[in-house]
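Structure first, commentary second.
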Amino acid sequence: MMAFFPEEIPELKGELIFQYENIEFSLEKEEGIRQWLKKIIAEEQAELHSITYIFCSDEYLHQVNVEYLNHDTYTDIITFPYSDDYLESDIFISIDRVKDNAQKFDVSFQQELLRVMIHGVLHLCGYGDKTDEEKKIMREKEEHAVAQYNQ
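Converting from the sequence shown to my numbering requires adding 157 to each position, the first position being numbered 1.
In structure tokens, the structure reads:
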């Protein structure tokens, strides 16, 4: 459970928008998640302009992957950055993949969802995950961020 006090909430300009495509799902505690994301963005000293999260099914995200990235694979997240100077992006997340990965990694759905959501933000902040070293740093950042939500 989050325990932010009003004076601790980062006052970042910009928007965090949540949309839903072809899936029966709605994010619980949207405002708490917005404040958590803003806190992590502030820690990363990034400038938030607008991030839209689009929660969808496996099939929807697979079609996005094929159409825009020419990848015929299923994935949990695709991040489309629109600026190199500030955070402006669409982040697509497959709720089906998040559910499956939560079971696979023996974590709660909520924990896996938060990990995936912050994963996209960390990519926008410049973190990669191609090499073993990048993956290690990404995982540490993800774990730190999820722990911040759970405080």
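Even glycine gets a Cβ: it sits at the ideal position worked out from N, Cα and C.
Asked: Residue span of the alpha helix (DSSP H) that contains H301, given as start and end; Found: 289 to 306
Asked: Span separating the alpha-carbon of W193 from that of K298; Found: 14 Å
Asked: When Y284, V303, D289 are compared against L270, the one with the closest alpha-carbon; Found: V303
Asked: Residue nearest to S240 in terms of C-alpha spacing, selected from T288, V221, I294, H206; Found: H206
Asked: DSSP state of E204 mapped onto helix, strand, coil; Found: coil
Asked: Proximity of L279 and F249 at Cβ, strictly below 7 Å; Found: no
Asked: 7 Å Cβ cutoff met for T236 and G277; Found: yes
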